[in-house]
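Student: Residues in the sequence shown are numbered consecutively from 0, following numbering that gives the first Met the number 0. Built from N, CA and C at the ideal position, the CB exists for glycine as well.
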Amino acid sequence: MILAAALAIVLFAAAFHVHWALGGHLGYSVSLPQLPDGTPVMAHRLPWWRPAAGGVALCLVCFALLLLTRAGHLHLPLPQALVRFVLLSVGAAFVARAVIPNRYVGLFKGLRTTRWAKYDTRLYSPLFLVLGLLTVWQAMN
0 MILAAALAIV
10 LFAAAFHVHW
20 ALGGHLGYSV
30 SLPQLPDGTP
40 VMAHRLPWWR
50 PAAGGVALCL
60 VCFALLLLTR
70 AGHLHLPLPQ
80 ALVRFVLLSV
90 GAAFVARAVI
100 PNRYVGLFKG
110 LRTTRWAKYD
120 TRLYSPLFLV
130 LGLLTVWQAM
140 N
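(1) By DSSP's criteria, Pro-39 is part of a beta bridge. Which residues make up the other side?
(2) What are the complete alpha helix (DSSP H) segments, minimum 4 residues, inside the segment 12-96?
(3) Roughly how many angstroms separate the alpha carbons of Asn-140 and Gly-37, rounded to a whole number?
(4) Do you know offhand how far Phe-107's Cα is from Leu-77's?
(5) Under DSSP, the alpha helix (DSSP H) around Gly-131 begins and ends at which residues?
(6) What does a CB cutoff of less than 7 angstroms around Ala-12 pick up in its chain, not counting 5 residues either side in sequence?
(7) Starting from the C-beta of Leu-113, find all residues in its chain whose C-beta is less than 7 angstroms away, skip the five residues before and the five after it, and write them out in chain order.
(8) Within a Cβ cutoff of 7 angstroms, which residues of the same chain sit near Ile-1, ignoring the five residues on either side of it in sequence?
(9) Mind checking which residues open and close the alpha helix (DSSP H) that includes Lys-108?
(10) Is Val-135 near the ligand MN, judged by its Cβ being under 7 angstroms from some heavy atom?
(11) Judging by CA-CA distance, which residue of Leu-25, Gly-109, Gly-26 is the nearest neighbour of Pro-100?
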């Protein structure tokens, strides 16, 4: 159940990133943190957005493979200690992203009035928190 939930979240997120990397627009307008006027915080990096989305999708697929490896459903030529360390690190980073106070992201963010902030509060941060906890659980067992 824990593995299935984690994989569902990861693969759903990977699918969105592949969609964006290939030029899709669904969800694109709320995919980056925004300034109060609605422009993306990282507007100067927008030309790199599509290749970066592809890179994130690739990382998410690798993350899913590590989850499957840790659960014993896939055998990669990696030491289990390394798989566990990577999963613990990623899980901790996801939990931190959700709960550490920041101006633009997380459950305790300072700026809460933009469309991005509303999605982050209701969807992204809770998903990061849940996925982080599921990942730590999977890594520890």
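Tutor: Working from what's here:
(1) Gln-33
(2) 48-69
(3) 43 angstroms
(4) 37 angstroms
(5) 124-139
(6) Leu-59
(7) Going by the sequence as given, residue 113 is Thr instead of Leu. Gln-33, Pro-35, Gly-37, listed in sequence order.
(8) Leu-133, Trp-136, Gln-137
(9) Note, Lys-108: premise wrong, no alpha helix (DSSP H); not H, not E.
(10) Among the components modelled here there is no ligand, and therefore nothing to report on the ligand MN.
(11) Gly-109
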